[in-house]
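The numbering of the sequence shown is this note's numbering, which starts it at 10 and goes up by one. In what follows, a single structure is set out as C-alpha cells and then discussed.
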Amino acid sequence: MAKSERSGGRGVPEKGTTEREQEKGDEADGAFDLWLKRGLHQLFDSVANEPIPDELLRLIEEDRES
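What follows is the structure, given as C-alpha cells:
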C-alpha cells in the first residue's frame with residue numbers, strides 16, 4: 010500500500026515524517042510499481058497473448074447457459 014493511501018490519500022505525511030520525506034517515499038513507491046509492472050509484463054505477456062483453448066471456452070459457455 011502506498012504511503013499516501015495509508016494516510017487516506019490526502020497527501021498528509023505519516024506521523025514522524027516531513028512532507029518532503031513523504032514525497033520521496035511516494036516517488037520510490039512509483040518507481041517500484043513501474044519496475045514491478047514491467048517485470049510482470051516481461052514474464053507473462055507471452056502467456057496472456059496465447060489463444061484460449063477451445064475446451065475452456067466450451068466450459069465457460071456451458072456455465073453461462075446454466
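Every residue, glycine too, gets a C-beta built ideally from N, C-alpha and C.
For this session: Return helix, strand or coil for GLY48, following the three-state DSSP convention.
Result: DSSP, read as helix, strand or coil, puts GLY48 in helix.
For this session: Give the secondary structure of GLY25 by DSSP, where H, G and I count as helix, E and B as strand, and everything else as coil.
Result: Looking at GLY25 - three-state DSSP - the assignment turns out to be coil, as it is neither helix nor strand.
Exercise. When DSSP labels each residue in this structure, what does SER55 get in the three-state scheme?
Worked result: Residue state, collapsed to three classes: helix.
Exercise. What are the boundary residues of the alpha helix (DSSP H) that includes ILE69?
Worked result: Per DSSP, ILE69 belongs to the alpha helix (DSSP H) from 63 to 74.
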